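Asker: Just add 84 to wherever you are in the sequence shown, counting from 1, and you've got my numbering.
Backbone N, C-alpha and C fix where the C-beta goes; we use that ideal spot for every residue, glycine too.
Only a predicted model underlies this, so the values are computations on that prediction, with no experimental measurement involved.
My questions will all concern the structure given below.
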Amino acid sequence: MKPETGFSDSLLDTMEQKKKSEKDSCTAKFSMGFYLRTVTRLLSEPKKFFGDCAGETTFNPALCFLVISSLFFTAASLMSNMYIRPFMMGVIFFVNAVSMAFIAAAFGYVVMTMLMGRKVSFVRFFSIYAFASGITLLVSWVPFLMYLTEPWKWWLVGTGMTMGCGFRLSQALVIIGVSMGVMFLFFWSVLPIITPGR
Numbered sequence: 085m086k087p088e089t090g091f092s093d094s095l096l097d098t099m100e101q102k103k104k105s106e107k108d109s110c111t112a113k114f115s116m117g118f119y120l121r122t123v124t125r126l127l128s129e130p131k132k133f134f135g136d137c138a139g140e141t142t143f144n145p146a147l148c149f150l151v152i153s154s155l156f157f158t159a160a161s162l163m164s165n166m167y168i169r170p171f172m173m174g175v176i177f178f179v180n181a182v183s184m185a186f187i188a189a190a191f192g193y194v195v196m197t198m199l200m201g202r203k204v205s206f207v208r209f210f211s212i213y214a215f216a217s218g219i220t221l222l223v224s225w226v227p228f229l230m231y232l233t234e235p236w237k238w239w240l241v242g243t244g245m246t247m248g249c250g251f252r253l254s255q256a257l258v259i260i261g262v263s264m265g266v267m268f269l270f271f272w273s274v275l276p277i278i279t280p281g282r
């Protein structure tokens, strides 16, 4: 019986160490190792990733993950097309990629606060959008994949809300649906101001 008990204890220790390492990967300082591990986990086990990292990830790693993905998206977009002003287009691509995650998170957070109260911090809320946007940016530069990456991104956001923030599925759908509607109306209203000549 002792060998069996020893094997069982060893197995439990291995599982606990693996779980601890997954938690540590959420709180670790940003590095390329952190980035690659996060990409792997978001692709292979997104539900477990958001569940393990619930309330653990700080602002900087999430932001850095988004920035690195945005740089890759910008470089890939520039290389796939011949632009007259590549530097200007690169700045636009990069700023748009990063800012859209902030804008979407801000609108979603406001909707959540107004409808359900302040259930989680903005940092925790933003990290979900940053990771969801960051992973989809890696393939969003391919034009015909946009119809797949957008639904994928919002599915990841919803998964992050339910697994990482404790929202019910219905609550996550309401936050996403209302915030997307408000964003659409917002950009539709400011478009004439941005492009007055059209």
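(1) Suppose you measure from the CA of isoleucine 259 to the CA of valine 151; what does that come to, to the nearest Å?
(2) Between Cys137, Ser183, Val207 and Arg202, which lies nearest to serine 153 when the distance is taken from Cα to Cα?
(3) Which runs of the alpha helix (DSSP H), 4 residues or longer, sit entirely within the region 111-186?
(4) Around the Cβ of methionine 200, are there at least 16 other Cβ atoms within 10 angstroms (buried) or fewer (exposed)?
(5) In the DSSP assignment, find the alpha helix (DSSP H) that holds proline 235 and state where it starts and stops.
(6) Buried or exposed for tryptophan 350, please, with buried defined as at least 16 other CB atoms from any protein chain shown within 10 angstroms of its CB.
(7) Where do the N-terminal and C-terminal ends of the alpha helix (DSSP H) with phenylalanine 215 fall, by residue?
(8) Short check: CB of glycine 174 to CB of threonine 197, under 7 angstroms?
(9) Which of helix, strand or coil does DSSP assign to phenylalanine 270?
(10) Quick check: the Cα distance between alanine 214 and alanine 185, rounded to an integer number of angstroms?
Answerer: Working from what's here:
(1) Rounded to the nearest whole angstrom, the C-alpha separation of isoleucine 259 and valine 151 is 25 angstroms.
(2) Relative to the Cα of serine 153, the nearest Cα in the group Cys137, Ser183, Val207 and Arg202 belongs to Ser183.
(3) Segments of the alpha helix (DSSP H) lying fully in the region 111-186: 116-128, 130-136 and 143-164.
(4) Per the 10 Å Cβ criterion, exposed.
(5) Taken as a continuous stretch (DSSP letters only), the alpha helix (DSSP H) holding proline 235 covers 230-248.
(6) Outside the displayed span of the chain (85 to 282) sits residue 350, for which this structure offers no information.
(7) Counted as a single uninterrupted DSSP element, the alpha helix (DSSP H) harbouring phenylalanine 215 occupies residues 206-224.
(8) No, Cβ-Cβ distance for glycine 174 and threonine 197 is not below 7 angstroms.
(9) Under the three-state reduction of DSSP output, phenylalanine 270 falls in the helix class.
(10) Their Cα atoms are separated by approximately 6 angstroms.
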